[in-house]
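**Student:** Protein chains in written order, with the working numbering: chain A, 1 to 415; chain B, 1001 to 1415; chain C, 2001 to 2415; chain D, 3001 to 3415.
Built from N, CA and C at the ideal position, the CB exists for glycine as well.
There are 4 protein chains.
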Amino acid sequence: MNSIIRDINLAPSGKQKIDWVRKNMPLLNAIEKEFSETKPFAGLKATVSVHLEAKTAYLAQVVAAGGASVCVTGSNPLSTQDDVAAGLSDSGVPVFAWYNSTAEEYNRHIEAALDHGPNLIIDDGGDLIHMVHTSRQDLLQNLWGGNEETTTGIVRLKAMEKQGALKIPMIAVNNAMCKFLFDNRYGTGQSVWDGINRTTNLIVAGKHVVVAGYGWCGKGIAMRAKGLGAKVVVTEVDPIKAMEAVMDGFTVLPMSEAAKIGDLFVTVTGCERVIYGEHFKVMKDGAIMCNAGHFDCEVYKPELESLAVEIKEQRKNITGYKMADGRWLNLLGEGRLVNLACGDGHPAEIMDMSFAVQALSLAYLAKNHDKLEKGKVIDVPAEIDARVAQMKLAAWGTKIDKLSPEQEKYLNSWG
Amino acid sequence: MNSIIRDINLAPSGKQKIDWVRKNMPLLNAIEKEFSETKPFAGLKATVSVHLEAKTAYLAQVVAAGGASVCVTGSNPLSTQDDVAAGLSDSGVPVFAWYNSTAEEYNRHIEAALDHGPNLIIDDGGDLIHMVHTSRQDLLQNLWGGNEETTTGIVRLKAMEKQGALKIPMIAVNNAMCKFLFDNRYGTGQSVWDGINRTTNLIVAGKHVVVAGYGWCGKGIAMRAKGLGAKVVVTEVDPIKAMEAVMDGFTVLPMSEAAKIGDLFVTVTGCERVIYGEHFKVMKDGAIMCNAGHFDCEVYKPELESLAVEIKEQRKNITGYKMADGRWLNLLGEGRLVNLACGDGHPAEIMDMSFAVQALSLAYLAKNHDKLEKGKVIDVPAEIDARVAQMKLAAWGTKIDKLSPEQEKYLNSWG
Amino acid sequence: MNSIIRDINLAPSGKQKIDWVRKNMPLLNAIEKEFSETKPFAGLKATVSVHLEAKTAYLAQVVAAGGASVCVTGSNPLSTQDDVAAGLSDSGVPVFAWYNSTAEEYNRHIEAALDHGPNLIIDDGGDLIHMVHTSRQDLLQNLWGGNEETTTGIVRLKAMEKQGALKIPMIAVNNAMCKFLFDNRYGTGQSVWDGINRTTNLIVAGKHVVVAGYGWCGKGIAMRAKGLGAKVVVTEVDPIKAMEAVMDGFTVLPMSEAAKIGDLFVTVTGCERVIYGEHFKVMKDGAIMCNAGHFDCEVYKPELESLAVEIKEQRKNITGYKMADGRWLNLLGEGRLVNLACGDGHPAEIMDMSFAVQALSLAYLAKNHDKLEKGKVIDVPAEIDARVAQMKLAAWGTKIDKLSPEQEKYLNSWG
Amino acid sequence: MNSIIRDINLAPSGKQKIDWVRKNMPLLNAIEKEFSETKPFAGLKATVSVHLEAKTAYLAQVVAAGGASVCVTGSNPLSTQDDVAAGLSDSGVPVFAWYNSTAEEYNRHIEAALDHGPNLIIDDGGDLIHMVHTSRQDLLQNLWGGNEETTTGIVRLKAMEKQGALKIPMIAVNNAMCKFLFDNRYGTGQSVWDGINRTTNLIVAGKHVVVAGYGWCGKGIAMRAKGLGAKVVVTEVDPIKAMEAVMDGFTVLPMSEAAKIGDLFVTVTGCERVIYGEHFKVMKDGAIMCNAGHFDCEVYKPELESLAVEIKEQRKNITGYKMADGRWLNLLGEGRLVNLACGDGHPAEIMDMSFAVQALSLAYLAKNHDKLEKGKVIDVPAEIDARVAQMKLAAWGTKIDKLSPEQEKYLNSWG
């Protein structure tokens, strides 16, 4: 296979980035070493579709070290970094992706990566899974199963499972405790603000920051907004989550009210059309919107564009939309994942945990694929979660207590 | 039935306390009104064993308003407030409890409350359930089932269920989202520090506060300790919870190390012997210990007493133990639940949510008892959780968004 | 002199309280030891008027250990603890104060303490200084000078100084860095919430807490309210402080707006009539007000009383005022300092710093009184501030860096 | 004058950046409008030496709008943005600066900007003032005075003043409340973490972050580190500041101890050699260092370089130094101001306040220069502070309370 990338000359910069994250991902280091010896993927083909920046490149290399023939595509047109793509390709892993691909190019890249004929896939948001269940069902025959990285992808898989449409076993990597409790909360929490701050160069303290969605990602974003001095407003559709937001000291409002007072909006619901026409009409001049959910449909761009009398780049990754009454509304990173479109994604140590779950789950799939029920969304085995946790504590050098036999007995008694 | 209480002359003070919480428990107000009309407990007998302060008294009155013949006992020797007991008794609900009961008195009071021959019970920690499954199995015949309030009680019930020892259906009130996400976290978080601060009159800021256990209660206690300016140290036996503590900015250590640096210790593990001999030996002079777990076995008093060369009250609710080397170690509230033994328990609005779940779950039991499997720990029905959440949002006047039909459809599609 | 106290039989309880704070005030321990040897007050008389709870009692004993003939009165009718007064009196220091004194009694107690004919005074809020400059000017002749503890007292002294009314040198203890940066911020911050929480037993998280005044005390109260999960609203008259509040993540409003949304109000401005008639009229049913400023004029009680159709105690230290439209407004501790009227005042370790400044400043006055300009408000000597800081760091066992000679030189060069 | 810049073709990018900050600096907008009418600098020449990014460019344009002939140079070799330099030059303001200048080039650029023969200067750190008092004393004759932006610059000016070396009046802009309380705390606090996060892509939560110096800048950096979930360690030489750090919940250590446990170090002391040889020897493998103080002498690079057996760029703006024992130590932005060398400096709205003080102080200088004492460091007039505060509150739409005449009287009375 020949890579389809922007410019192979960018490889040195990409390799430097990959080297940096390798130095900061001790769990993957250990797994890479183990895989090099045990070769869990010997003779197998794997296709990876994950936001193509340095951490993902390293994950692909770890899977390759395990004996797989790996190829990689992106999972969002704006999250692919061309230098990383070049560096990864130069290291021997074929890549099909470039930054700012058109919808057509993006699909072509996914298809090229699937042409590899994978036995295993790593998916992020469900674009691979969608294609092999629609236009490329021919690939299902050799496909043993795969992993899904995100909450959004799992919502889609669950819908497929319910409708009997899913044809292979898929491991819900997102639902591992070592993943969603850390990646979604602390990873998203920090990286979203990294993306916003470097893009806007505006103060967060004192601003009304509206966070749409108070799931694990939203909790992380709101927590860090508070840590930066913002007045946080939360919108929710779930009463329990709404109450948690209130008790965490935040103001809870419907979006129709929040739209009027917000200075900066972050959507992270996994749903569509969270901010739309009637909201655009009441927003303050200069309001800034961005999205941290998987798809770019949360801030509803078609309506924003149709309301605009002028559209103009305000600064790198900031698009300004001028309303008929003169107000400018600003959208970061085209409404795509702000931490990836306007930044480098999650911190390396966080992805180290998530990708350790990915790598070990993929090895589990390779070994157990014939015992797994097709068409099911499968939990990450508890022992993988436990192992990753132990590895992470060891990497920190953190020691914890152990239940004594007497304590174990106490906890199992009632007399 | 005649109440067994300290002094009926304390009734006016107790009634004032009950009136105050009634004014601050709008959910129970609404349920009281409804029950007065629907009489879900008409003709039934109920026994309540919950920490007997004002909120519990009001819960008992609400159940009584629903037509039940109710009687009440405490659930911890130090958490019963004699004036509240008198006020409740004076309002027509028999009470069997007093402050600082001996172990023998405490058991006698429980038995007296069970002599009522209840059809329904509300238990807190499992003392009622224990007695009806051991010395008073005669009561099982008329006992339709009950509710359990605490994590600890549910651990015991699950052990019974596993061993086939449980003979009635028990609803795990603690596991309702409207309960554990709020009561265990924000309720415990605030009330523990209320109890500690009023008892010690010492500064929290700058101190090393050791929180043993990072479950929902521990998370709340640690969060508020941080809010008060402490340097928080967490001890855990669960790797995932330990990692959460690290990422929340806390130091995680085994107790053997934490014991050396802690100024103030709070145990909240639900386990036994969390702080014991080897820890007492290395603690700093003046160290303060307290417990927020259900039983008083977390700080291991027998060993503390045997190590002491002198034992002396230092201030109300503070017992000082002098070690042979001259260090004084201090224990608050005899190692019993510090928020109840040294305070008034959880804030009223928090118990309003928990007790709304209690009241509605008890009505559910009354109506459906013959359909419920005996010997099972049962989840609170989702519609009760949803209803309590709606009531609480309404009480705050908080409005939230609603999924549109298009959004519902989006969330159920995958194409 | 014979003490004027409520009941000498309360002495054991008071002594226990004093013993407890003594164990937690290492700076005063060291100063007591030094004074016992150096006797800086040999042959002198001192009158102390400070909120009479255990820490103040110990301060009086430390001054007595320095050779002074000391007597003590309170500085607020509700902050005197009768058991502490008895315990202190029993230890040999005459006391003139009791809890809940009438205005007339309160003044009589102050006068009794001044009849001692002091050479030195320790004042808290300015009641001593007022009396010796008005009805008891006869005492000025022997009075060498004194210390003032509070921001409020210093505002009064500065007014006197400007008008030429002040006749003795007064040291502004409050303005020492070891005092106002710690006592006013962390001391008030914690103790106000201790007082509120133990008195109301209501949740703070999720509530709108209005803090009137964003000086050091207000900053501390707001910081801890945030730490407890409140949504904090600040009112201010100073634009700079208002901007700090905004940047700290708080909402800034005029009181007329804040009154409508607040659930709990704390005034701490040092000014009068901060919350009054027009505010009472728009407050929510059940709103709670309290004060942490020196005088009880911040929540304007005369207007509250005249608007009320019914006044009734709701719980210990909570007075309910029923408005004509049926709303109940609640006032804690009669609008007097809530941390003292409803609690035990600042944590011991904080007062250890403030009172170390008091004790050393008083010794400075004793030694240098003839060199000090009469009628002036004098700063605490920098060496006292430095010494207290060093003592406190040593008590914590905290080590810090030291500038090297090269660094000193660097900081003094410009080339 | 002809600009000395890298590449005029970068002007469009620079102009876009300047346009963006202009939209977010309402105070400078108002002052620009006023100056355009009043022309306070008509006929005068001004030289500006401030970190040359977009906000500074706009400040220069505002001064030019006031009638001055302005030219601009940088104030740090790594903080100049070449596109902004081009954009500013293209707008008609001569610029002498480029990114990554050598020491010789840097000095040449300063000299070129001074060749303009300014009547007024705006200095940042003291490089202009140093040159006109050493090699270019010929310029003093026409120089009426200037403003200094930083704490560091003022330390240098105070040293000059004390030694009688200062020959012109200099306004201490840094010491305005509208500047240091906001810029140094909230500006530095956010922008330092923006710079670190975008450069490292590593997690902050759970890390030991060592902040050297707990002045206003250090307080801001520590506060935001805590907000990001770090365990903060503070080093200090001042006992009072050290105690504040303890009470704010941080660990205080000497650098020799902090060096062993730190994962990430930020120096912000204004002093030299804060981290040096003995510290480098005990640091953890992978430790990251950066500086937020004015000069690049806080992390002592000469010793770091001499200890290194290999020096290698790890990622853009990260230099790795390999120690003889194999540990890699990382330095961000060559030890220069990390928020400027690795970012875009303070948020626009913060610089809006600081630069409003700059602009109004410069107009004050222009008007009053003949009344000001030469050789003195002068405070910003209180009315400028007050005016900027009012403008900022108005820009936010924040309303505050006003003292009534009765309250004013109360505060000035003592009777």
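1) Which ranges would you report for the beta strand (DSSP E) in the region 1350 to 1404 of chain B if only whole runs of at least 3 residues count?
2) Does the distance from the CB of threonine 3251(D) to the CB of valine 3233(D) come in under 7 Å?
3) Go through its chain and collect everything with a Cβ distance to valine 48(A)'s Cβ below 6 Å, but skip five positions before and after it.
4) Work out the CA separation of phenylalanine 2182(C) and aspartate 2379(C) for me, nearest whole Å.
5) Taking DSSP's pairing of strands, which residues face tyrosine 2321(C) in a bridge?
6) Per DSSP, histidine 1208(B) forms a beta bridge with which residues?
7) Buried or exposed: which applies to aspartate 3083(D), given that a residue is buried once 16 or more other Cβ atoms fall within 10 Å of its Cβ?
8) Nearest to alanine 3057(D) by alpha carbon, out of Ser3256(D), Lys3023(D) and Lys3015(D)?
9) Out of Ala1324(B), Asp1401(B), Asn1002(B) and Lys1231(B), point me to the one whose CA is closest to serine 1089(B)'s CA.
10) In three-state terms, what does DSSP make of serine 1049(B)?
11) Could you check which residue in Gly3117(D), Asp3238(D) and Thr3267(D) has the C-alpha nearest to that of valine 3292(D)?
12) In terms of DSSP beta bridges, what is aspartate 1123(B) paired with?
13) Of all Cβ atoms in chain B, is any one closer than 7 Å to the Cβ of glycine 2993(D)?
14) Any idea which residues DSSP pairs asparagine 2291(C) with across the strands?
15) Alpha carbon to alpha carbon, what distance is there between glycine 1126(B) and valine 1338(B)?
16) If we define contact as Cβ-Cβ less than 7 Å, is leucine 2337(C) a contact residue for chain B?
17) What do you reckon, are the CB atoms on aspartate 3124(D) and valine 3237(D) nearer than 7 Å?
18) What's the C-alpha gap between proline 2118(C) and alanine 2112(C)?
19) Roughly how far, in whole angstroms, is the beta-carbon of leucine 332(A) from the beta-carbon of isoleucine 288(A), given that I think they are within contact range, below 8 Å?
20) Quick one: give me the first and last residue of the alpha helix (DSSP H) that serine 3036(D) is part of.
21) Should the region 3130 to 3139 of chain D be regarded as contacting the region 3022 to 3041 of chain D, the criterion being three or more beta carbon pairs within less than 8 Å?
22) Can you tell which of Lys1281(B), Arg1315(B), Ala1065(B) and Gln1163(B) has its C-alpha closest to the C-alpha of arginine 2022(C)?
23) Taking all protein chains shown into account, do 16 or more other C-beta atoms lie within 10 angstroms of the C-beta of alanine 1086(B), making it buried, or fewer, making it exposed?
24) Starting from threonine 2200(C), trace the alpha helix (DSSP H) in both directions and tell me its first and last residue.
25) Mind checking which residues open and close the alpha helix (DSSP H) that includes cysteine 3342(D)?
26) Taking the alpha helix (DSSP H) that serine 3013(D) belongs to, which residues open and close that run?
27) Kindly indicate which three-state DSSP category serine 135(A) falls into: helix, strand or coil?
28) Does the region 3199 to 3209 of chain D come close enough to the region 178 to 192 of chain A that 3 or more CB-CB pairs lie under 8 Å?
29) Taking DSSP as the reference, what is the three-state secondary structure of alanine 1086(B)?
30) Give the C-beta separation of serine 2079(C) and alanine 2341(C) to the nearest angstrom, bearing in mind that I take them to be a contact with Cβ-Cβ under 8 Å.
31) Does DSSP put alanine 159(A) in a helix, in a strand, or in coil?
32) Tell me, which residues are paired with phenylalanine 3096(D) by DSSP?
33) Using a Cβ-Cβ cut-off of 8 Å (strictly less than) and excluding sequence neighbours within five positions of valine 421(A), which residues of its own chain qualify?
34) Output needed in chain order: residues of the region 3191 to 3209 of chain D with a Cβ under 7 Å from some Cβ in chain A.
35) Do the region 2350 to 2369 of chain C and the region 2293 to 2310 of chain C touch if we need at least three Cβ pairs shorter than 8 Å?
36) Once you ignore the five residues that flank leucine 140(A) on each side, which residues in its own chain have a CB closer than 8 Å to its CB?
**Tutor:** Result, derived from the coordinates:
1) Taken in chain order, the unbroken stretches of beta strand (DSSP E) that lie wholly in the region 1350 to 1404 of chain B and span 3 residues or more are 1377 to 1379.
2) It is a contact, given that the beta carbons lie within the stated cut-off.
3) Only Ala60, Val72 and Ile122 meet the Cβ criterion.
4) One alpha carbon belongs to aspartate 2379(C), the other to phenylalanine 2182(C), and they sit about 17 Å apart.
5) Per DSSP, Ile2311(C) and Leu2329(C).
6) In the DSSP assignment, histidine 1208(B) forms a beta bridge with Lys1231(B).
7) Counting Cβ neighbours within 10 Å, aspartate 3083(D) comes out buried, since at least 16 surround it.
8) The closest CA to that of alanine 3057(D), considering only Ser3256(D), Lys3023(D) and Lys3015(D), is found on Lys3015(D).
9) Checking every option, the nearest Cα to that of serine 1089(B) belongs to Asn1002(B).
10) In the structure shown, serine 1049(B) sits in a strand (DSSP, three-state: E or B).
11) Note that residue 3292(D) is alanine in the sequence shown here, rather than valine. Among Gly3117(D), Asp3238(D) and Thr3267(D), the Cα nearest to that of alanine 3292(D) belongs to Thr3267(D).
12) As DSSP reads the structure, aspartate 1123(B) sits in a beta bridge with Glu1148(B).
13) The structure shown does not extend to residue 2993(D), since chain D spans only 3001 to 3415, so no value can be given for it.
14) Thr2267(C) and Leu2337(C), per the DSSP bridge assignment.
15) Using only the alpha carbons, I get a separation of about 19 Å.
16) Closer than 7 Å: no.
17) Not closer than 7 Å, so no.
18) It is roughly 11 Å from the alpha-carbon of proline 2118(C) to the alpha-carbon of alanine 2112(C).
19) That pair is a contact at about 7 Å.
20) Here the alpha helix (DSSP H) through serine 3036(D) covers 3026 to 3038.
21) At 8 Å Cβ cutoff, the stretches do not touch.
22) Of the listed residues, the one whose Cα sits closest to arginine 2022(C) is Arg1315(B).
23) Around the C-beta of alanine 1086(B), 16 or more other C-beta atoms lie within 10 Å, and the residue is accordingly described as buried.
24) Boundaries of the alpha helix (DSSP H) around threonine 2200(C): 2188 to 2200.
25) Per DSSP, cysteine 3342(D) belongs to no alpha helix (DSSP H) and is neither H nor E.
26) Start and end: 3011 to 3023.
27) In the structure shown, serine 135(A) sits in coil (DSSP, three-state: anything other than H, G, I, E or B).
28) Yes, since at least three Cβ pairs between the region 178 to 192 of chain A and the region 3199 to 3209 of chain D fall closer than 8 Å, the two stretches touch.
29) Helix at alanine 1086(B).
30) Cβ atoms of serine 2079(C) and alanine 2341(C) come within 8 Å of each other, at about 6 Å.
31) Three-state result, alanine 159(A): helix.
32) Phenylalanine 3096(D) pairs with Ile3004(D) and Thr3073(D).
33) It is not possible to answer for residue 421(A), since the shown part of chain A is limited to 1 through 415.
34) Against chain A - using a Cβ distance shorter than 7 Å - the residues of the region 3191 to 3209 of chain D are Asp3194, Asn3197, Arg3198, Asn3201, Leu3202, Ile3203, Val3204 and Ala3205.
35) The way I'd put it, the region 2350 to 2369 of chain C doesn't touch the region 2293 to 2310 of chain C; fewer than three beta-carbon pairs between them come closer than 8 Å.
36) Cβ within range, chain order: Val132, His133, Lys167 and Ile168.
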